[in-house]
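Take a look at the structure set out below.
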C-alpha cells in the first residue's frame, strides 16, 4: 500500500514519529501501563521543563520546514534544559527519521517511551517505526491499538488509520478496511484514510469501491501525482478509456518528472 508524500505528516503526532534491530528494548504494550495524556500537552511544572518545551516546539516548526539541522539543535538545547523532557527525544526521533537515520531515530523514540510509557503519541509513533520495517509490520498492531484506545488521546483516528495502513501492507485486508473505515468515521476529513481505502479496494480488485473512495478524495483535495496515478489505474481496470485519458492528461500536464509519470510512460501500471 502506498503512502502519498503530501499526506505522510498525518501519520505522526504534533511532535511525533514513527525498531530497528539495533536496540534491545521493547516498550511494553501491557495494559498494566496506565493511559497518559500526551506529555506535550501537559503543564511543565518547572522552569527547566518550560524551557525544554519552548525549544522542542520551536524545533518542531523547523523540522516541518525541512530545516533539520536547526531542529536537531533545538532538541539538544531542550534536553540541556531538562534531560528528562520526553517530547525532545520524540523530536530527535522524527528529525533523524526524516534524514533516513532509522537507528538513531529508534533509539530516541524508545528513550521517549521509557520516560513516558503511557503516552499515546509515542505509542502510535513507535508502531509506525515498526510498520516501516519488513517483517515487523505485525508487531506494530498492538502499539497502534494501545494509542487508539487511550481515552486521553485526542487523535485516535490517526492510530486507527496507521493500523489499517500497516494491516494492508501484510494483506490483512478485512481488518485493514475496518480500521480505515473507523478512522474515516471518526474524522471524515482524514484524506489519507480515504486514499488508503481506495488503494486497498484496488488491491483487492474491488474497482467500484475504489472509484467511490477516489471520488470522495477528489471532493476534498486536488489530487497529487500519487492519487492521480491511482485514479488512472482504477479507470484503466474498469475499462474507462475516457477516465484513463483524463487522468493521464493530468499527470502529463501537472506532474512532469514525477515517478508516477515515468511509470505511465513506461507502461508500468502494476
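Numbering (this note's numbering), first residue to last: 1168 to 1437. For every residue, glycine included, the Cβ atom is placed at its ideal position computed from N, Cα and C. Predicted, not measured: the structure shown is a model, and the values here were computed from it.
Could you check the C-alpha separation between residue i and residue j for me, to the nearest Å?
i, j, result
"residue 1405", "residue 1374", "7 Å"
"residue 1266", "residue 1289", "19 Å"
"residue 1251", "residue 1418", "48 Å"
"residue 1214", "residue 1248", "9 Å"
"residue 1413", "residue 1381", "14 Å"
"residue 1351", "residue 1332", "13 Å"
"residue 1429", "residue 1282", "46 Å"
"residue 1317", "residue 1286", "9 Å"
"residue 1279", "residue 1319", "18 Å"
"residue 1422", "residue 1216", "45 Å"
"residue 1407", "residue 1233", "40 Å"
"residue 1383", "residue 1416", "21 Å"
"residue 1395", "residue 1426", "12 Å"
On the three-state DSSP scale, how would you describe residue i?
i, result
"residue 1371", "coil"
"residue 1319", "coil"
"residue 1434", "coil"
"residue 1214", "helix"
"residue 1382", "helix"
"residue 1221", "helix"
"residue 1303", "coil"
"residue 1395", "helix"
"residue 1415", "helix"
"residue 1227", "helix"
Within this structure, are the beta carbons of residue i and residue j separated by less than 9 Å?
i, j, result
"residue 1335", "residue 1377", "no"
"residue 1301", "residue 1314", "no"
"residue 1222", "residue 1244", "yes"
"residue 1291", "residue 1308", "no"
"residue 1258", "residue 1241", "yes"
"residue 1411", "residue 1399", "yes"
"residue 1256", "residue 1270", "no"
"residue 1325", "residue 1361", "no"
"residue 1294", "residue 1329", "yes"
"residue 1379", "residue 1365", "yes"
Does any CB atom of chain C fall closer than 9 Å to the CB of residue i?
i, result
"residue 1313", "The structure shown has no chain C; it contains just one protein chain."
Closer than 8 Å to a non-hydrogen atom of the ligand COA - does that hold for the CB of residue i?
i, result
"residue 1378", "The ligand COA is absent from the structure shown, which contains no ligands of any kind."
Within the stretch 1229-1297, ranges of the alpha helix (DSSP H) (whole runs, at least 4 residues)
Look at the stretch 1229-1297 and you find these whole runs of alpha helix (DSSP H), each 4 residues long or longer: 1235-1248, 1253-1265, 1269-1282.
For the stretch 1317-1364, which segments carrying the alpha helix (DSSP H) assignment without a break, of at least 4 residues, lie completely within its bounds, in sequence order?
With a minimum length of 4 residues, the continuous alpha helix (DSSP H) runs that stay inside the stretch 1317-1364 are 1323-1336, 1340-1353.
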